[in-house]
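Chains as they are written, first to last, in this note's numbering: chain A, 215 to 532; chain B, 215 to 532.
Okay, here's the thing in structure tokens:
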């Protein structure tokens, strides 16, 4: 009998969520541990193993499992190593896949969060059956996972797909990005970028907007969405500004790899058509005629609560 | 015995050059026909066949050949069809690979010129042994061939790798490109783009430059090179302007696919360090720290006269 289950791990800086997933993408059980609670990686692995046993037992135990897949910050797919992850407590070099395999007796694959999201989308979600697509995650940052010919692109060193750090502005006026550069896509088109745009417009213009009633340092993309829904023109302008920058950049990506679809995921997609419409418009205005109105731009259809675990788990079927 | 030779065809709008190539990338014989002389594709194929027989005969005839590869305008690798090529006389749909196979009795693969150049570079040239690199051709236009994990990227529809039409400027002030868009990389960083920049500076500024002595509508990138070599400051400024735009864009491409190297080819590379230095500088200023000073930027080492034939021929070894 084919073993019916895999483990999928979503390791975040705060929580690590472990799920049991079947081939159709159902999360049959889940558990979690606090990532930072274990200053030594071996203690983390032991704690994870103890949790895994608990949830696997009712389903027949570890012999029912085909493998273990994980989306982890700075996870290198080629080497299985977590390398230089600033938000994790275990130092610059953690041979994570090897440690999991030793403890669990299961093959283990890891990759970074955005690549895992792309794998999840291809295995269970909106990109099922697609061989060429680009996943863009629009959350605190902008991440990306690129799939070409059915495979995630890792590049020469395993770190390909940093589309959030492609450039949309240059020079002193460009916005600083968390990566140390100025002018990255992420600085404009993440949920955080939308909040920065809102703050800029509220403080630098005299335009009438309900956003002015909020604490300018704590405006969120959700606030901008609510304002747009209520008919606020400045809120719409913020989404147009953001979507135009993102759509222009997507046209570059289409000219690179000619994907069938671009799939958007993450907090900002909750803004729905407010963000999608200007993205699609700018993409089609800037892409070569052969791709105009041909590349699908769509939202992920994975449940947000499951998506990261599903992404990790998708690696385990390979 | 392994068959030792392949045919490589470089089909241009004017000439079609056919060469016989061995596995080490030596062009053992070559011939050519005028592309436009044959209003019917079958007459073109017959003429090519007659020429091929002549050069193949001294080498043992067609039984010594493993296959036929061709770089052709708008050649679709997946289908073997030349589709919508404006500069060829045979209409919108030419099943070229099929016709060659029927006539020559050899397997035939085609692709467009820039992808063929990338294949040539990987099979015989500067990218030998590399699995991840990007080829940029800087001639009348800007073309590109992207190799990921040892394979040329074709994308969902076969047309991936149009990096010459990624955007470097937006809006009314952006330069019109031949593709109908405004602001494409090609409009700035092709040999023609350099000439346009020269014309702009000469006509719009009062700066002292030897370029002012030339007919402003006929300044070439070679003229700008000669001026730079002679110490002309405006000529250097033109290369800095061009190289900065190109290098910035290369940083986006590195963040997409994390290549080991970027290989530059075509007329503009004759400008040597004048163009290379600002490209490398702008790339490293704009790329994420993990790739800073790590991605090789190099010129093709294939002889220009052979490169296109070698590129076509490389497909035939697959």
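Virtual Cβ for every residue (Gly too), placed ideally from N, Cα, C.
Same chain, Cβ closer than 7 Å to residue i, five either side skipped, listed in chain order
| i | result |
| --- | --- |
| residue 435 of chain B | 405, 408, 409, 481, 482, 485 |
| residue 463 of chain B | 380, 382, 399 |
| residue 395 of chain B | 379 |
| residue 184 of chain B | Here chain B has residues from 215 to 532 only, and residue 184 of chain B is not among them. |
| residue 226 of chain A | 249 |
| residue 304 of chain A | 255 |
| residue 465 of chain A | 497, 500, 501 |
| residue 536 of chain B | Chain B is shown from 215 up to 532; residue 536 of chain B falls before or after that span and cannot be answered. |
| residue 516 of chain B | 334, 335, 338, 339, 524 |
Contacts of residue i in chain B (Cβ-Cβ under 9 Å)
| i | result |
| --- | --- |
| residue 460 of chain A | What residue 460 of chain A touches in chain B: nothing, since even the nearest Cβ is about 13 Å away. |
Cβ neighbours of residue i in the same chain (closer than 6 Å, five flanking residues each side left out)
| i | result |
| --- | --- |
| residue 296 of chain B | 286, 288, 289, 308, 310 |
| residue 473 of chain A | 346, 347, 348 |
| residue 243 of chain B | 234, 269 |
| residue 317 of chain A | 259, 263 |
| residue 360 of chain B | 348, 367, 375 |
| residue 441 of chain B | 424, 425, 449 |
| residue 326 of chain B | 289 |
| residue 223 of chain A | 232, 284, 526 |
| residue 467 of chain A | 348 |
| residue 416 of chain A | 425, 426, 430 |
| residue 371 of chain B | none |
| residue 509 of chain A | 468 |
| residue 528 of chain A | 333, 334, 337 |
Interface partners of residue i on chain A, CB under 8 Å
| i | result |
| --- | --- |
| residue 393 of chain B | 502, 503 |
| residue 384 of chain B | 462, 500 |
Amino acids of chain A, ordered along the chain, whose beta-carbon sits closer than 7 Å to that of residue i
| i | result |
| --- | --- |
| residue 376 of chain B | 469, 502 |
| residue 367 of chain B | 362, 471 |
Residue i: contacting residues in chain B (beta-carbon distance under 8 Å)
| i | result |
| --- | --- |
| residue 380 of chain A | 465, 466, 469, 470 |
Chain-ordered neighbours of residue i on chain B, where CB pairs are closer than 7 Å
| i | result |
| --- | --- |
| residue 371 of chain A | 472 |
Near the ligand GDP: residue i beta-carbon under 7 Å from a heavy atom
| i | result |
| --- | --- |
| residue 299 of chain B | For the structure depicted, the ligand GDP is absent and the ligand set is empty, with no information on it obtainable. |
Beta-carbon contacts of residue i that lie in its chain and below 8 Å, excluding the five residues immediately before and after
| i | result |
| --- | --- |
| residue 248 of chain B | 228, 229, 230 |
| residue 444 of chain A | 424 |
| residue 294 of chain B | 309, 310, 311, 312, 322, 323, 324 |
| residue 512 of chain A | 340, 475, 476, 477, 478 |
| residue 246 of chain A | 229, 230, 231, 232, 265 |
| residue 397 of chain B | 381, 382, 383, 384, 385, 388, 389, 391 |
| residue 216 of chain B | 280 |
C-beta neighbour in chain D for residue i, strict 8 Å
| i | result |
| --- | --- |
| residue 261 of chain B | Given the protein chain composition of this structure (A and B), no chain D is represented. |
Report the residues of the region 479-500 of chain A with a CB closer than 7 Å to any CB of chain B, ordered along the chain. Within the region 479-500 of chain A, the qualifying residues are 500.
Using a Cβ-Cβ cut-off of less than 7 Å, list which residues of the region 283-299 of chain A approach chain B; keep chain order. Taking 7 Å as the Cβ-Cβ cut-off, the region 283-299 of chain A has no residue approaching chain B.
Taking a Cβ distance cut-off of 8 Å, strictly less, list which residues of the region 460-475 of chain B are near chain A, in chain order. Those residues of the region 460-475 of chain B placed with their C-beta closer than 8 Å to a C-beta in chain A are 462, 465, 466, 467, 469, 470, 471, 472, 473, 474, ordered along the chain.
Determine which residues of the region 340-365 of chain A have a Cβ less than 9 Å from any Cβ of chain B, and write them out in chain order. Cβ contacts with chain B come from 344, 345, 346, 347, 358, 360, 362, 363, 365.
Could you tell me which whole alpha helix (DSSP H) segments of length 4 or greater appear in the region 396-450 of chain A? Whole alpha helix (DSSP H) segments, 4+ residues: 400-403, 405-418, 435-443.
Could you tell me whether the region 323-341 of chain A touches the region 358-370 of chain A, using the rule of 3 or more Cβ pairs below 8 Å? With a cut-off of 8 Å, the region 358-370 of chain A and the region 323-341 of chain A count as touching, because enough Cβ pairs lie within range.
Would you check if there are 3 or more beta carbon pairs closer than 8 Å linking the region 518-531 of chain B to the region 486-493 of chain B? With a cut-off of 8 Å on Cβ pairs, the region 518-531 of chain B is not in contact with the region 486-493 of chain B, counting fewer than three such pairs.
Three Cβ pairs or more, each shorter than 8 Å: is that satisfied between the region 489-507 of chain B and the region 522-532 of chain B? For the pair of segments examined, the region 489-507 of chain B was found not to touch the region 522-532 of chain B: the number of CB pairs separated by less than 8 Å stays below three.
Runs of 3 residues minimum, wholly inside the region 259-296 of chain B: which ones carry the beta strand (DSSP E) assignment? Correct list: 279-285.
Kindly provide the ranges of any beta strand (DSSP E) runs that are 3 or more residues long and lie completely inside the region 353-396 of chain B, ordered along the chain. Look at the region 353-396 of chain B and you find these whole runs of beta strand (DSSP E), each 3 residues long or longer: 356-362.
If we require 4 or more residues per run, which alpha helix (DSSP H) segments fall completely within the region 437-512 of chain A? Qualifying alpha helix (DSSP H) stretches, in chain order: 447-471, 487-500.
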